[in-house]
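Below: the structure, in C-alpha cells.
In this note's numbering, the protein residues as written are 24 to 497.
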C-alpha cells in the first residue's frame with residue numbers, strides 16, 4: 024500500500040483532512056473513524072492517522088473527491104466543539120500507531136485468607152532449629168551483626184559485561200549494526216574507527232575519539248584563525264534566517280520528507296531519553312556550525328562537516344560524557360551539558376575549515392535559540408540535515424542510523440517543555456576554555472602580547488620619523 028500525501032487543518036467544529044490520491048474511483052473509497060483513529064483505504068492508497076482528541080463520523084461529516092485535482096477532502100466532526108487538536112502539522116506523529124499501555128511497575132498482592140498461620144508458625148520453628156545448628160563461626164557473625172562489630176568487608180569486583188555477539192550495536196537507541204562492515208572499502212572520511220567500527224565496545228570508541236582529536240589538534244592553525252579574525256568576524260555577525268521568522272511553516276518538500284520517514288514507536292527508558300536529548304545538542308551544534316560557515320547554502324563538503332563534528336557519527340560515541348547527572352530524568356545537570364558541548368567544541372577546533380572558540384560560542388547560542396522555539400524548529404533543522412546527508416553517496420548512512428529516527432522521535436516523543444528548559448540552560452551556560460584541554464588561554468595570550476609588541480614598535484618608529492622631520496637647532 025502507498026501512503027498518500029496529506030495535510031490537516033481544523034476549525035471550531037471539525038477537522039479537515041486533505042489527501043492527494045489521483046486517478047481513483049470515488050465509489051471505492053472506504054473511510055472509518057474509531058475514536059481518535061481515522062483510516063482511509065482506496066486502492067492502492069492507505070492512510071491511518073491517530074489524532075490527539077476524539078472524532079465523530081456523523082451527519083455533519085463529509086467526503087468530497089475532485090477528479091481534476093486528485094484531492095480527497097474529508098471533514099470530520101470533533102467530539103467536543105471548540106476543542107483544539109494539537110500538532111496537526113507534525114505528520115509523523117499523526118502516522119504513528121496508538122501507544123500501547125505500559126505494563127504495571129509492581130505487582131499488586133492481596134491476601135485473600137489467613138488460615139495459613141499454622142504453616143507460618145511451622146516455618147518459624149524450622150528457622151529456629153536451623154539457627155541453633157549453626158557453627159561457632161556462623162554464630163560469631165550473627166552476634167557481630169547484632170553488636171555492630173566492625174568486621175572486615177570487601178567490595179566484590181564487578182562482573183564483566185557478557186557479550187553474546189562479536190559486534191557492538193550503535194545508532195539511535197543502539198538499534199543498528201552491520202552498516203560499517205565493509206567501511207574500509209568506501210570513501211568514508213568521517214569514520215574514525217576504521218574496520219573496527221562494528222566490534223569496538225563503547226569505552227574503546229570514546230578512547231579512539233579522544234586520541235584522534237589530540238592527533239588532529241593544530242595550535243598553529245588555531246592561532247592563525249585567532250590572529251587574523253576578519254573572516255571569522257563575518258561568520259559571527261551572521262544570523263540564521265530560521266531564527267528571524269515568527270512561526271514555523273513547513274514547505275511541501277519538508278512535508279513529503281516527513282511522509283517518507285519510517286513508521287516506528289519508541290519505548291525509551293528515562294536514561295535513554297536523557298541520552299537522546301544530549302545527543303540532540305551535538306546534532307544541532309553541527310547544524311549551526313555548517314549553517315554559519317556556508318551562510319545557509321550547503322556545499323559538497325557540508326555532509327563531511329556535519330559528520331565530523333558529531334561524535335555519535337564519527338566515532339559512534341554519543342553522550343553522556345560524564346557521570347555527574349541528576350536523578351530526575353526531566354532535568355539536566357550543568358556538568359553533563361557542559362561535557363556535551365566540550366566534545367563538540369573540541370571537534371570544531373580540530374577538524375573543519377574555521378577553528379575559532381568564538382565561532383563555537385556563537386553556534387552554542389544558535390542551539391539555545393533553536394531549542395527555545397520548540398519541536399517544530401528542531402524538526403526543521405533535522406530535516407535539513409537529513410536532506411544534506413541523504414544526497415551524499417557515503418554519508419547517507421548516518422541519516423539512516425540517526426537522523427531518520429530523530430525526526431520521528433522529536434515529533435512523537437520529545438517535550439517542548441524539556442527543549443525550552445535546555446534552551447534556557449544553554450543560553451546562560453559558560454564553557455571554560457580550560458575544559459577544552461589545549462591551553463587556549465595561553466595561546467591567545469601569546470598572540471595578544473605579540474600584537475602589543477608590534478604596536479609599541481610602530482609607535483617608536485613614528486617618533487623617530489617625527490624627530491627626523493624636525494629642523495636642526497642652531
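Every residue, glycine too, gets a C-beta built ideally from N, C-alpha and C.
Just so we're clear, the structure is a prediction, and the values are computed from it rather than from any experiment.
Checklist line | Segment contact flag, the stretch 91-102 with the stretch 36-52, C-beta cutoff 8 Å, min 3 pairs | finding: Between the stretch 91-102 and the stretch 36-52 there are three or more C-beta pairs closer than 8 Å, enough to call the two in contact.
CA-to-CA distance, residue 340 to residue 421, given in whole angstroms:
Counting from one through the chain shown, the residue named residue 421 turns up at place 398. Counting from one through the chain shown, the residue named residue 340 turns up at place 317. Taken atom to atom, the span from the alpha-carbon of residue 421 to that of residue 340 is near 13 Å.
Are the Cβ atoms of residue 53 and residue 65 separated by less than 9 Å? Reading the chain shown from its first residue, position 30 is the one you call residue 53. Reading the chain shown from its first residue, position 42 is the one you call residue 65. Yes.
Worksheet item: Nearest to residue 102 by alpha carbon, out of 37, 320 and 328?
Response: Counted from its first residue, the chain shown places residue 102 at position 79. Closest option to residue 102, Cα to Cα, is 37.
Open item on the list: Can you check which of these residues, 412, 361 and 437, is closest to residue 459 by C-alpha distance?
Closed with: Within the chain shown, the letter at position 436 stands for residue 459. Residue 459 has its Cα closest to that of 361, out of 412, 361 and 437.
Suppose you measure from the CA of residue 244 to the CA of residue 325; what does that come to, to the nearest Å?
Translated into the one-based positions of the chain shown, residue 244 becomes position 221. Translated into the one-based positions of the chain shown, residue 325 becomes position 302. One C-alpha to the other measures close to 21 Å.
Using the Cβ count rule (16 or more neighbours within 10 Å means buried), how would you classify residue 342? As a first step, residue 342 must be located in the chain shown, where it is residue number 319. Taking all protein chains in view, the Cβ of residue 342 is crowded by 16 or more other Cβ atoms within 10 Å, so the residue is classified as buried.
Checklist entry - Hey, which unbroken runs of the alpha helix (DSSP H) at 4 residues or more fall wholly within the stretch 259-335? => result Taking only runs of at least 4 residues, the alpha helix (DSSP H) segments lying wholly in the stretch 259-335 are 275-282, 293-317 and 325-332.
Taking the CB atoms as reference points, tell me whether residue 299 and residue 393 lie closer together than 9 Å.
Translated into positions along the chain shown, residue 299 becomes position 276. Translated into positions along the chain shown, residue 393 becomes position 370. It is not a contact, given that the beta carbons lie outside the stated cut-off.
Report task. On the DSSP bridge assignment, give the partners of residue 193 in chain order. Result -> Taking the first residue of the chain shown as position 1, residue 193 is located at position 170. Answer is 199, bridged to residue 193.
Inset, instruction - Indicate whether the contact test is met: 3 or more Cβ pairs, each with one atom in the stretch 305-318 and one in the stretch 380-387, closer than 8 Å. - result: Yes, they touch.
| said: Along the chain, where does the beta strand (DSSP E) containing residue 39 start, and where does it finish? | reply: Numbered from 1 along the chain shown, position 16 holds the residue referred to as residue 39. First-last of the beta strand (DSSP E) with residue 39: 37-43.
query = Roughly how many angstroms lie between the CA atoms of residue 347 and residue 287, to the nearest whole one?
reply = For the purposes of this step, residue 347 is identified with residue 324 of the chain shown, where counting begins at 1. For the purposes of this step, residue 287 is identified with residue 264 of the chain shown, where counting begins at 1. Between residue 347 and residue 287, the C-alpha separation is close to 31 Å.
With a threshold of 16 other CB atoms inside 10 Å of the CB of residue 133, please say whether the residue is buried or exposed.
-> Your numbering for residue 133 matches position 110 in the chain shown. Reliability of the predicted coordinates at residue 133 is poor, the pLDDT of 43 falling under 50, and no value is obtained from them.
- Mind checking residue 214: buried by the 16 CB within 10 Å criterion, or exposed? Position 191 of the chain shown, counted from the first residue, corresponds to residue 214. With 16 or more other Cβ atoms inside 10 Å of its own Cβ, residue 214 counts as buried.
- Query: Taking the alpha carbon of residue 76 as the point to measure from, which residue in 359, 258, 280 and 61 has its own alpha carbon closest?
  - Reply: As a working note, residue 76 is residue 53 in the chain shown. It is 61.
Note to self: Using C-beta distances below 7 Å, list every residue in its chain close to residue 246, excluding the 5 sequence neighbours before and after it, in chain order.
What the structure shows: For the purposes of this step, residue 246 is taken as residue 223 along the chain shown, with counting starting at 1. The answer, listed in chain order, is 466 and 470.
Extent of the continuous beta strand (DSSP E) run through residue 96 = Reading the chain shown from its first residue, position 73 is the one you call residue 96. Residues 94-101.
**Request:** Determine the direct distance from the alpha carbon of residue 24 to that of residue 109, and round the result to whole angstroms.
**Result:** For the purposes of this step, residue 109 is taken as the residue at position 86 of the chain shown. For the purposes of this step, residue 24 is taken as the residue at position 1 of the chain shown. Spanning the two alpha carbons is a distance of roughly 27 Å.
Residue range of the alpha helix (DSSP H) that residue 72 falls in?
Here residue 72 is taken as the residue at index 49 of the chain shown, counted from 1. Counted as a single uninterrupted DSSP element, the stretch harbouring residue 72 is not any alpha helix (DSSP H) but the beta strand (DSSP E) occupying residues 68-73.
- Query: Leaving out five residues before and five after residue 30 in sequence, what residues of the same chain have Cβ atoms less than 6 Å from its Cβ?
  - Reply: On the chain shown, position 7 is the one that residue 30 refers to. A distance below 6 Å between beta-carbons, with the five flanking residues on each side excluded, links residue 30 to the following residues of its chain, in chain order: 41.
- Task: Name the residue from 409, 201, 268 and 314 whose alpha carbon lies nearest to the alpha carbon of residue 284.
- Result: Numbered from 1 along the chain shown, position 261 holds the residue referred to as residue 284. For the residues 409, 201, 268 and 314, the minimum Cα distance to residue 284 belongs to 409.
Query - Opposing strand residues paired with residue 30 [DSSP bridges] - result: Stepping through the chain shown from its first residue, residue 30 is reached at position 7. Answer is 41, bridged to residue 30.
Taking the Cβ atom as the reference point for each residue, do residue 374 and residue 331 lie within a distance shorter than 9 Å?
If you number the chain shown from 1, residue 374 lands on position 351. If you number the chain shown from 1, residue 331 lands on position 308. Yes, Cβ-Cβ distance for residue 374 and residue 331 is below 9 Å.
In the stretch 382-414, which residue ranges form an unbroken alpha helix (DSSP H) of at least 4 residues, counting only runs that do not cross its ends?
Unbroken alpha helix (DSSP H) stretches of 4 residues or longer found wholly inside the stretch 382-414: 398-413, given in chain order.
Residues bridged to residue 60 by DSSP?
Within the chain shown, residue 60 is the residue found at index 37, counting from 1. Partner(s): 57 and 73.
Short check: CB of residue 255 to CB of residue 382, under 9 Å?
-> Within the chain shown, the letter at position 232 stands for residue 255. Within the chain shown, the letter at position 359 stands for residue 382. Closer than 9 Å, so yes.
Should residue 176 be labelled buried (16 or more other beta-carbon atoms within 10 Å of its own) or exposed?
Here residue 176 corresponds to residue number 153 of the chain shown, with the count starting at 1. Summary for residue 176: the model assigns pLDDT 43, below 50, so the residue's position carries little reliability; its value from the coordinates is reported in the next sentence. That one is exposed.
Query raised in the report: Do residue 119 and residue 435 have their C-beta atoms closer together than 9 Å?
Result: Counted from its first residue, the chain shown places residue 119 at position 96. Counted from its first residue, the chain shown places residue 435 at position 412. Taking a C-beta distance under 9 Å as the contact criterion, residue 119 and residue 435 qualify as a contact pair.
For a test of the three-state rule: what should DSSP assign to residue 469, helix, strand or coil? Translated into the one-based positions of the chain shown, residue 469 becomes position 446. DSSP places residue 469 in helix when its eight states are reduced to three.
Apply the 10 Å Cβ neighbour rule to residue 211 and answer buried if 16 or more other Cβ atoms are within range, or exposed otherwise.
-> In the chain shown, residue 211 corresponds to position 188, counting from 1. Under this definition residue 211 is a buried residue.
- Item | Simplified DSSP assignment, three categories, for residue 361 | To locate residue 361, count along the chain shown from 1; it is residue 338. The answer is helix: DSSP assigns residue 361 an H, G or I state.
Considering only the alpha carbon of each residue, which of 252, 192, 366 and 281 lies closest to residue 237?
Counting from 1 along the chain shown, the entry for residue 237 is found at position 214. With distances taken between CA atoms, residue 237 lies nearest to 366 out of 252, 192, 366 and 281.
Check your understanding: Run through DSSP, which three-state label would residue 247 get?
Key -> As a first step, residue 247 is located in the chain shown; it is residue number 224 there, counting from the start. Helix.
What are the boundary residues of the alpha helix (DSSP H) that includes residue 110? Your numbering for residue 110 matches position 87 in the chain shown. Unbroken run through residue 110: none, as it is neither H nor E.
query: How is residue 418 classed by DSSP in three states: helix, strand or coil?
result: For the purposes of this step, residue 418 is taken as the residue at position 395 of the chain shown. Three-state DSSP puts residue 418 in coil, outside helix and strand.
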